[in-house]
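Novice: Protein chains in written order, with this note's numbering: chain A, 7 to 192; chain B, 52 to 306.
Backbone N, C-alpha and C fix where the C-beta goes; we use that ideal spot for every residue, glycine too.
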């Protein structure tokens, strides 16, 4: 069957899709939690304040089963209740702030394929972007067929930069110098 | 700064791109099935699309799986956008329903569908929407539901109004409902807009026309279904959605 075409997420998704704590994927107080944060930039190098990032990853054991509860609702008043603070759902959603900045607090993914470097899959939406883009964040260096196929400059756009213990920076550039590698899965 | 962009400028750009597509189709190219990320008539796309081609990788174990949602992630009231406040929203009450399918025609079961939209006057409940149309204290305009075993979703809402935007002078968006859909694989993710049949604003809108194939544009338009209309209550629209995605996702049984 023919696919339904994509359209931009537009400027007004902010009251519908993101929720407070959407980037807090790691269970509360987990000792292994890490933070990955950065900006999203456009082709002029300006931060994008109306982008939405979604993250999907394996749990620390490498399982891709996922768990419900990423968008838990309060069944009394219908508000967002946040995650239950215990289960690792594998999915997070974060809108960029007015400065184009985002932050994800997660647990490092385990290897979904033994011997391959684990990664966090990222789906990027924004006003002005007519169809979402997929990219990845690798927290630790390693080699897989995708990374090996890229020249070092482009490969670097998929690798998070250690900033301090447990904290990584990672910028996403939609266009221009240092343009992030975006993926097509065939 | 040059002269302000007019609708005539945008019309010309849309027509030129349309003519180039028609020429390619006449020369034997397939009609485009997908949106064009680099679509200059939509000015915001200029700096927000990659110039490098996407990198093909078929090693996508993570992306061929996806997040799961459950009864904790929705409430029973979420699918009826007319019940979120103490009073009834103003506008034309409608039901929107359809099925979510993969490219093999299999239903996408138990997955999350989210919608958001302007109110009947064409105003979003969002601080950055400041155009002079009234907010409706009885309408927020967000909803969600899980698909059933046939991949069916259903919402009760009011028909959104058209609204102005600043792409060019006198730019108006055709009425639409934003949809966000999860497939069984993260690689099947879709965010799009559902349009209403026979909207007079279609030819003028660069976002709608960023899908350059006519058949593909038609797949974004709901169908009025009189059997879905409810006597003295609401009008019915039906819209089926087919998720794109790598060929590997066509083979997997939907959940």
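Should residue 21 of chain A be flagged as near chain B, meaning a C-beta pair shorter than 7 Å?
Specialist: yes
Novice: Which of the three DSSP states, helix, strand or coil, is assigned to residue 242 of chain B?
Specialist: strand
Novice: In terms of alpha-carbon separation, which member of B:161, B:266, B:101 lies closest to residue 182 of chain A?
Specialist: B:101
Novice: Verify whether the separation of the beta carbon atoms of residue 75 of chain A and residue 90 of chain A is less than 7 Å.
Specialist: yes
Novice: What residues of chain B sit near residue 152 of chain A, judged by a beta carbon separation below 8 Å?
Specialist: Proximity of chain B to residue 152 of chain A at the Cβ level (cut-off 8 Å) is accounted for by 106, 108, 110, in chain order.
Novice: Closest to residue 28 of chain A by C-alpha separation, out of A:87, A:177, A:167, would be which residue?
Specialist: A:87
Novice: Can residue 202 of chain B and residue 159 of chain B be called in contact, C-beta distance under 7 Å?
Specialist: yes
Novice: Pick from B:227, B:274, B:127, B:219: whose alpha carbon is nearest that of residue 172 of chain B?
Specialist: B:227
Novice: Based on DSSP bridge pairs, tell me the residues matched to residue 237 of chain B.
Specialist: Paired residue(s): none; residue 237 of chain B is not in a bridge.
Novice: What are the boundary residues of the beta strand (DSSP E) that includes residue 145 of chain B?
Specialist: It spans 144-152 - the beta strand (DSSP E) in which residue 145 of chain B sits, taken as one unbroken run.
Novice: Out of curiosity, what's the CA-to-CA distance linking residue 73 of chain A and residue 82 of chain A?
Specialist: 22 Å
Novice: Mark residue 114 of chain B as exposed unless 16 or more other C-beta atoms lie within 10 angstroms of its C-beta, in which case mark it buried.
Specialist: buried
Novice: Just tell me which of B:56, B:76, B:112 has its CA closest to the CA of residue 300 of chain B.
Specialist: B:112
Novice: Taking Cβ-Cβ distances below 8 Å as the criterion, which residues of the region 199-211 of chain B are in contact with chain A?
Specialist: Per Cβ criterion, the list is empty.
Novice: So the alpha helix (DSSP H) residue 259 of chain B belongs to, where does it begin and stop?
Specialist: 257-260
Novice: My understanding is that residue 163 of chain B touches residue 197 of chain B, with C-beta atoms under 8 Å, so please give their C-beta distance in whole angstroms.
Specialist: Residue 197 of chain B and residue 163 of chain B do touch by the CB rule: their CB atoms are close to 6 Å apart, below 8 Å.
Novice: Write down the C-beta distance between residue 44 of chain A and residue 175 of chain A rounded to the nearest angstrom, noting that I regard them as a contact closer than 8 Å.
Specialist: 5 Å
Novice: Quick one: list the residues of chain B neighbouring residue 62 of chain A, beta-carbon separation under 7 Å, in chain order.
Specialist: Within chain B, the residues placing a beta-carbon under 7 Å from that of residue 62 of chain A are 113, 117, 118, 237, ordered along the chain.
Novice: When DSSP labels each residue in this structure, what does residue 94 of chain B get in the three-state scheme?
Specialist: helix
Novice: Would a C-beta distance cut-off of 7 Å place residue 87 of chain B and residue 220 of chain B closer than the cut-off?
Specialist: For the 7 Å CB-CB criterion, residue 87 of chain B and residue 220 of chain B do not form a contact.
Novice: Using a Cβ-Cβ cut-off of less than 7 Å, give me the residues of the region 231-263 of chain B that come near chain A, in sequence order.
Specialist: 231, 237, 238, 240, 241, 242, 243, 244, 258, 261, 262
Novice: Can you find a CB in chain B that lies within less than 7 Å of the CB of residue 25 of chain A?
Specialist: no
Novice: For residue 98 of chain B, which of A:100, A:49, A:54 has the nearest alpha-carbon?
Specialist: A:49
Novice: Mind checking who residue 44 of chain A pairs with in its DSSP beta bridge?
Specialist: A:108
Novice: Answer yes or no: does any C-beta atom of chain B fall closer than 7 Å to that of residue 85 of chain A?
Specialist: no
Novice: Return the Cβ separation of residue 53 of chain A and residue 106 of chain A in integer angstroms, given the expectation that the two are a contact with Cβ distance under 8 Å.
Specialist: Sure, about 2 Å apart at Cβ, within 8 Å.
Novice: If residue 239 of chain B and residue 200 of chain B are in contact, beta carbons under 8 Å, what's the gap, nearest whole angstrom?
Specialist: Incorrect: roughly 18 Å between the Cβ atoms, too far for contact.
Novice: Using DSSP with H/G/I as helix, E/B as strand and the rest coil, what is residue 81 of chain B?
Specialist: Three-state result, residue 81 of chain B: coil.
Novice: Based on DSSP bridge pairs, tell me the residues matched to residue 222 of chain B.
Specialist: B:216, per the DSSP bridge assignment.
Novice: Apply the 10 Å Cβ neighbour rule to residue 260 of chain B and answer buried if 16 or more other Cβ atoms are within range, or exposed otherwise.
Specialist: buried
Novice: For a cutoff of 7 Å on Cβ pairs, would you count residue 107 of chain A as touching chain B?
Specialist: Chain B places no beta carbon closer than 7 Å to that of residue 107 of chain A, leaving this residue out of the contacts.
Novice: Please compile the residues from chain B whose C-beta is within a distance smaller than 7 Å of the C-beta of residue 48 of chain A.
Specialist: 98, 99
Novice: Identify, in the order they occur along the chain, each residue of the same chain with its Cβ nearer than 7 Å to the Cβ of residue 212 of chain A, setting aside the five sequence neighbours on each side.
Specialist: There is simply no residue 212 of chain A to check, as chain A begins at 7 and stops at 192 in what is shown.
Novice: Expressed to the nearest angstrom, what Euclidean distance is found between the alpha-carbon atoms of residue 114 of chain A and residue 71 of chain B?
Specialist: 47 Å
Novice: So residue 158 of chain A is in the alpha helix (DSSP H); what residue range does that whole segment cover?
Specialist: 158-161
Novice: Between the Cα of residue 183 of chain B and the Cα atoms of B:170, B:130, B:297, which residue gives the shortest distance?
Specialist: B:170
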